[in-house]
Structure formats: structure tokens, C-alpha cells
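So the sequence shown is residues -22 to -1, 1 to 156, counted in mature numbering (1 follows the signal peptide of the UniProt record, and there is no 0). Think of the CB as a built atom: it goes at the ideal place given N, C-alpha and C, for glycine as much as any other residue.
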Amino acid sequence: MLNLRTLMSLAVTALFIQSAIGAKHAVGGPDGEWNQVTNFTTWAKGERFEVGDTLEFTYNAAHSVLEVNEKAYDDCDTSSPITIESSGTTSITLSSVGKRFFICGTSGHCENDGMKVTIDTVSSTTPSTPTTPSKPDPADSPADPPTKPEKTRNAGNGGYEVNLAMLLGFGLMSLMFL
């Protein structure tokens, strides 16, 4: 039988491993989808993207996900993307600090329907400071559809999954007192 020291070591190790894993961001919100009705500018402003996090795009066959440079993003130019994804589910790990730009490759979806998003990735050690935009963003006009409630960041699991490491830790600690 395992001794108490071994059990505690396993629990602590599990907690450290879980906290090192980045959050998962369903692009567009918890039930979000890469589509023509979601306000991606508003959604991205409510998120904190850290190195190690993963973007999860979910979309139908009418859409695609193109990573582009800033100029192509501004112009909705699909002619020279960095990457093209069209599988219906695309996961992208944010591996470095900086801005990344994504647009839909279907004609008209970016320029007419706003299917584009800027992801500003920060270091996981960067303190969170609120930012105040210098001018109002036209994408935030009252005509925009309502957005879903923002999620809260929860130590590497995106705030929605059960933290198995925590459950394991509490379970093992409760065994100590039996």
C-alpha cells in the first residue's frame, strides 16, 4: 500500500501538471462557432489569451479558417494566407507572445459579415491589466447581436471542464483523515 508521503507527492504533482496546461478557448464563446452572426471583436476583448492556450474553431463546410498577416486581415485579403484550415474543427496552440490574425476564406464573409478575429497572446506571467480603448470600435455598435456571458479563467482548463487534478488531490487528502 502506498504511504502518505507518496500519495501527497502524487497529488501535488498532478496539481502542478494541470496548472501548466493552457486554457481552451472555443472561438466565439462557450457554445461559440466560427460563423457569420458572432461578434468576434467583442468576444476576443472578453478573453485573456496566454502562451500555451488553444483556440478551438468549430465551423461548417461553408467556412474556413485562414491565418493571415495584419495587412491581409485589415483588407480581408485571402490570396496569401499563412495557413488554411477547412476541416470543420481546428485547434491552434498559441505558442508565442504577440498578435495573430484569422479570417474566413469564403468570399464576403470577412468583409461583409465580420468573420475575422485578432488574438493578442500574452505571457502567462504578464499581470492582467484592464485596457481602455482610445476610440469606440464600430464592431461594438448596439446593432450587434447580444453576446454570451464571459467565462472565467480557471487554472489552465478554460473554466468549463472538471479539474481532475483538484478532485484527485482532495480525494487523496480525505483518505488521510480516515
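Q: Could you tell me the distance, in whole angstroms, from the CA atom of asparagine 13 to the CA atom of glutamate 34?
A: 13 angstroms
Q. Taking C-alpha atoms, which residue in Val43, Phe27, Glu28, Val5 lies nearest to asparagine 17?
A. Val5
Q: Go to glutamate 63, then tell me how far its beta strand (DSSP E) extends in each direction, as first and last residue.
A: 61 to 63
(Q) Quick check on DSSP: helix, strand or coil for threonine 19? (A) helix
Q) When the Cβ atoms of the segment 47 to 62 are set against those of the segment 19 to 30, are three or more pairs found closer than 8 angstroms? A) no
Q: Determine the burial state of proline 114: buried for a count of at least 16 other Cβ atoms within 10 Å of its Cβ, exposed for fewer.
A: Per-residue confidence for proline 114 stands at a pLDDT of 46, beneath the threshold of 50, marking its modelled position as unreliable; no derived number is given.
Q: Ignoring anything shorter than 3 residues or poking outside the segment 32 to 88, list the beta strand (DSSP E) runs there in chain order.
A: 32 to 36, 43 to 46, 61 to 63, 67 to 71, 76 to 81
Q.
Within a Cβ cutoff of 8 angstroms, which residues of the same chain sit near methionine 77, ignoring the five residues on either side of it in sequence?
A. Reading off the sequence shown, one finds lysine at residue 77, where the question assumed methionine. For lysine 77, where only same-chain residues beyond five positions count, the Cβ hits under 8 angstroms are Glu48, Thr96, Ile97, Asp98, Thr99.
Q.
What does DSSP give as the partner residue(s) for valine 5 in the beta ladder?
A. Note: valine 5 sits in no beta bridge, so no partner.
Q.
Starting from valine 100, trace the beta strand (DSSP E) in both directions and tell me its first and last residue.
A. 94 to 100
Q: Pull up the CB-CB distance for aspartate 31 and glycine -1, whole angstroms please, since I reckon it's below 8 angstroms.
A: 4 angstroms
Q. If you draw a straight line from the alpha carbon of glycine 83 to that of alanine 40, how long is it in whole angstroms?
A. 9 angstroms
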